[in-house]
Structure formats: structure tokens, C-alpha cells
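In the numbering used here, the protein residues as written are 236 to 390.
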């Protein structure tokens, strides 16, 4: 076992630690050597190619760092696209694309979202129930009349 301490690969140390741990618990471990395909030309080539593929296996950048970097780039592109869409009603109250916290039920989420963007029975009664727009006093309103139109921002 002391001759194996010259190896510095983390996998080798993990195997040695696991071996020591299991033998201390009473397990008997037998290692079996499986020779390569020595003497067979096609198999030797395959062995050499497989070995060369493992030589530079350690990347200087961890995979999670690459994933996080890609996610941040996608997030910033999505945010830039959202910033260009300032005519959307939701954009005036939600400047960032980050998620709002969820409420306990979908129904409550829907109600809150409709309040946020101004799609309520009060502001859109004429669309939901059919008929003409009416003022608070029950009088019909012309479609071009903005003096008595209601939105959640004015209410």
C-alpha cells in the first residue's frame, strides 16, 4: 500500500480510502488484473486511442462554472429582450424577468397577476360580459373616451 502513495490522481486516492475503509470493516477485497488486448493490432489501436483520450481529462474550468456562465449570458440576453418590450402592460410593473414568489394556489397567483396587469372584471367588464363600456354611474361610455376609463394604476 505504501508504494501506491506515489500516485497523485484524486480517483486513486478515493479508491485507496474506500479500500481501507472496507477492509477495516472486515470486507475482503480481491483485485483482478485484466490485461489489455496485447498483440491484436486493431485492439491495440483502440487501447491507445482510449488511453490518449484520458490524458487531458482535467479541464481547467469546472463544468458547473461553465453552466453558470451560460445561464448568466442567457439571462442577460432575455433581460435585454424584455427591456426592449416596453409596450407590454406587465413591463411597467415588472422591470426584471426574475420570478415573483409563488402563492399557495394557482387561483391566487392568477388573481394577483390580473390585478398587476389590470385585467379585472371592473376594468374589462365590457369585454368579459359583452356590451358597451359603462362608467361608475352606469352610463354608456364612447370607445374613444379616456376621461372615464379605469385602469389598476388609476384606481
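The C-beta atom is built at its ideal place from N, Cα and C for all residues, glycine as well. This structure is a prediction, so every number in the text was calculated from the model and none was measured.
Which word fits residue i, buried or exposed, when buried means at least 16 other C-beta atoms lie within 10 angstroms of its C-beta?
i           : result
residue 277 : exposed
residue 319 : exposed
residue 382 : Interpretation of residue 382 is limited by its pLDDT of 44, a score under 50 that renders its predicted location unreliable; the figure taken from the coordinates is listed afterwards. Classification of residue 382: exposed, given that the 10 Å Cβ count is below 16.
Would you call the CB atoms of residue i and residue j closer than 8 angstroms?
i           : j           : result
residue 258 : residue 250 : no
residue 352 : residue 330 : no
residue 338 : residue 347 : yes
residue 313 : residue 328 : no
Taking the alpha helix (DSSP H) that residue i falls in, what are its first and last residues?
i           : result
residue 247 : 245 to 259
Quick one: complete alpha helix (DSSP H) runs, 4+ long, within the segment 288 to 341? Runs of the alpha helix (DSSP H) spanning 4 or more residues and lying entirely within the segment 288 to 341 occur at 298 to 318, in chain order.
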